[in-house]
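Visitor:
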Amino acid sequence: MNRALLLVSGNAGRGLFAKHGKDMLKRLHPLFSYLEVVESFDLLEAEKLVKDKSQEIDTLIVVGGDGSFYNVINWLSKEKKKPTLAYINGGTMGDVGKNFGISKNYKKAIRLIEQGKVTSFDVVKAGDKVFAYMAAVGAYSDVAYKTERRKKKAFGILSYYFKSIREAFHKQNVSVSVTTDDGIVETKVPFLLILNGANVGGFRINKDGSINDGKMEIYLPKPGLFNGLIPFFLSPKKVKRVSTSKAHIHIDGDLTWCFDGEEAIKGDIDVEILPSLFKIYSE
405 MNRALLLVSG NAGRGLFAKH GKDMLKRLHP LFSYLEVVES FDLLEAEKLV
455 KDKSQEIDTL IVVGGDGSFY NVINWLSKEK KKPTLAYING GTMGDVGKNF
505 GISKNYKKAI RLIEQGKVTS FDVVKAGDKV FAYMAAVGAY SDVAYKTERR
555 KKKAFGILSY YFKSIREAFH KQNVSVSVTT DDGIVETKVP FLLILNGANV
605 GGFRINKDGS INDGKMEIYL PKPGLFNGLI PFFLSPKKVK RVSTSKAHIH
655 IDGDLTWCFD GEEAIKGDID VEILPSLFKI YSE
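For the sequence shown, our numbering begins at 405 and goes up steadily by one.
Following this line, the structure appears as structure tokens:
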């Protein structure tokens, strides 16, 4: 038997489900012996539900944005039984989907469930949190969670780019120290970016990276034009990069980290790959 919970998460998932929910359910119902549908705007309520149901279901289908997926993996990371995840993107950027080869088209996303191909993926532990594909601190790191929802709704992905342009002219230099088993790297950067996977900000940056290779890549761009953004996107292979399974990162100042587009913890962090912690329907 394959029992499933379909979680329609907050504002991100609700718009997509309101438009296409009937068709989604028509396609999904034949795939499961039991399918429960829950729409929730309350994070505490959703967290309790997911944790309680995780021991009863085999599949958790998340309809929402990158932040919705981030919340789900954090809720489930310490649970003994973890249902296989499925993701239907109802958000703005869709980086989670890109890292798994999941289309923003909900019909194609459901087709992956129909095909039944499941792959394991790593997450990165940082403090009491985990993230799936990225962490950042410094310039641009607050773009995703500080962009107003009404602007996301009106302009979509462009709303992020508009805010990034404004940040490009506010010079930032952060002193960082990255300690791994291979040694210590100390430098100044406009921003520090950790990628567990290939895609971030709508672009394929870490082309050799994978979300299930047991490694993360820590990018340390040099200060430069537009806070180092242009050279970083044009020639990411020329940017200083540390590939590792664990690291201690010291940053000067009580700066806030962004995990998977969400506001997270402050200050120094220890990061460590948790290999194959979850499974997901993907390419």
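Every residue, glycine too, gets a C-beta built ideally from N, C-alpha and C.
(1) Any idea which residues DSSP pairs Leu432 with across the strands?
(2) In angstroms, rounded to a whole number, what distance separates the CA positions of Tyr623 and Ile615?
(3) With 16 as the cutoff for other CB atoms within 10 Å, does Ser639 come out buried or exposed?
(4) Any chance the segment 462-470 sits against the segment 482-491, with 3 or more Cβ pairs inside 8 Å?
(5) Look at the alpha carbon of Lys683 and the alpha carbon of Thr523, and state the distance between them as a whole number of angstroms.
(6) Since Tyr623 is in the alpha helix (DSSP H), which residue starts that stretch and which ends it?
(7) Beta-carbon within less than 7 Å of Glu483's beta-carbon, same chain only, minus the 5 sequence neighbours each way: which residues are those?
(8) So, helix, strand or coil for Gly587, using DSSP?
(9) Would you say the beta carbon of Leu599 comes nearer than 8 Å to a heavy atom of the ligand ADP?
(10) Measuring CA to CA, which of Asp427, Trp661 and Thr496 is closest to Lys511?
(11) State yes or no: is the C-beta of Ala540 within less than 9 Å of the C-beta of Ala530?
(12) Have a look at Phe436 and Phe421 and give me their C-alpha separation to the nearest angstrom.
(13) Just to confirm, is the Cβ distance from Leu409 to Leu432 under 9 Å?
(14) Rank Thr463, Thr648, Ser472 and Gly665 by C-alpha distance to the C-alpha of Glu443 and give the top, closest one.
(15) I'd like the list of long-range same chain contacts for Gly520, defined as Cβ closer than 8 Å, with 5 residues on each side in sequence excluded.
(16) On a Cα-Cα basis, can you pick out the residue from Arg608, Asn631 and Leu599 that is closest to Asp617?
(17) Mark Ser545 as exposed unless 16 or more other C-beta atoms lie within 10 angstroms of its C-beta, in which case mark it buried.
(18) Alpha carbon to alpha carbon, how far is Asp656 from Ile461?
Guide: For this structure:
(1) For Leu432, which the question treats as bridged, DSSP gives no partner whatsoever.
(2) 16 Å
(3) exposed
(4) yes
(5) 5 Å
(6) Premise fails: Tyr623 lies in the beta strand (DSSP E), Met620 to Leu624, not in any alpha helix (DSSP H).
(7) Lys455 and Ser458
(8) strand
(9) With respect to the ligand ADP, the structure offers nothing, as it holds no ligand at all.
(10) Asp427
(11) no
(12) 19 Å
(13) no
(14) Ser472
(15) Tyr685
(16) Leu599
(17) buried
(18) 44 Å
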